[in-house]
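What follows is a short report on a single structure.
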Amino acid sequence: MTNYIKNNTMKKSILGLFLIIICAQWSFAQHGLNPTNRAFTAEEQEVIKLSKEKWQWMADKNVDKLDSLFEPKAMFVHMGGSWGKEQELNVIKNGFIWYKKADIHDLTVNIFGNTAILLNRITLLAEVGSREVSNPFMVTEVYIKQNGSWKMGSLSFSHLLTPPAPGTAPNEESH
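In my numbering, the protein residues as written are 901 to 1075.
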């Protein structure tokens, strides 16, 4: 009987901890990354605008604009691996990954000297190979200010375990 009580108590404790974690995740997702809704500075707005333009250039497969944005030593991290600028441009140009549409749900940006770090919570609609996929990501973008203009130094996709935004279909395919 004592083992039954201990096992039952343990099960309740684990279940309670699990529910707390789920509620905390849901709460964070509802409030977004910028719960204070602080106003962005002019420089932060410049980085945000550039990030949004980058998503459009990726959708349009505009490798000329992307080539000028990406710093020569830039690194790109995807679910399927990581690589440098030339491979990323080739992936986009040849349609191995077609970033069709990035729905931005939340974003925040912080600037440290000549470095800006922008976080986007997005649902990405993409075509990988010949399959259309939709996945929720937290995307980290690192920009470096060089000679008065921002260059992308890194772009990293972290797949989120939260469900995609309403109106988008979840997909298990890799990006």
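All C-beta atoms in this analysis are idealised placements derived from N, C-alpha and C, irrespective of residue type, glycine included.
Tell me the DSSP secondary structure of A942 in three-state form.
In the sequence shown, the residue the question calls residue 942 occupies position 42. A942 sits in a helix when the DSSP states are folded into three classes.
Closest residue to A1016 among N990, M975, Y1043 (Cα-Cα distance)
Along the sequence shown, read from residue 1 onward, the residue named residue 1016 stands at position 116. With distances taken between Cα atoms, A1016 lies closest to Y1043.
Could you tell me which of T941, K954, A959 sits nearest to V1028, measuring between CA atoms?
Translated into positions along the sequence shown, residue 1028 becomes position 128. When only C-alpha atoms are compared, the closest one is A959.
Among residues of its own chain, excluding the 5 on either side of L1025, which ones have a beta-carbon nearer than 6 Å to its beta-carbon?
Walking along the sequence shown from the start, residue 1025 turns up at place 125. Excluding sequence neighbours, L1025 sits near K1000, K1001, S1034.
With a cut-off of 8 Å on the beta carbons, I'd call F961 and K985 a contact; round off their distance for me.
Residue mapping note: residue 961 aligns to position 61 of the sequence shown, counting from 1. Residue mapping note: residue 985 aligns to position 85 of the sequence shown, counting from 1. This sequence places Lys at residue 961; Phe is not what is there. Not quite, the Cβ-Cβ distance comes to about 16 Å (not below 8 Å), so this is no contact.
Would S1058 and E1041 qualify as a contact pair, given that the criterion is a beta-carbon distance under 9 Å?
As a first step, residue 1058 must be located in the sequence shown, where it is residue number 158. As a first step, residue 1041 must be located in the sequence shown, where it is residue number 141. Going by C-beta atoms, S1058 is not nearer than 9 Å to E1041.
C-alpha gap between L1019 and V1009, whole angstroms:
In the sequence shown, counting from the first residue as 1, residue 1019 sits at position 119. In the sequence shown, counting from the first residue as 1, residue 1009 sits at position 109. So the alpha carbons of these two residues sit roughly 6 Å apart.
Beta bridge counterpart(s) of T1040 as assigned by DSSP:
The residue given as residue 1040 occupies position 140 in the sequence shown. For T1040, which the question treats as bridged, DSSP gives the partners L1019, S1056.
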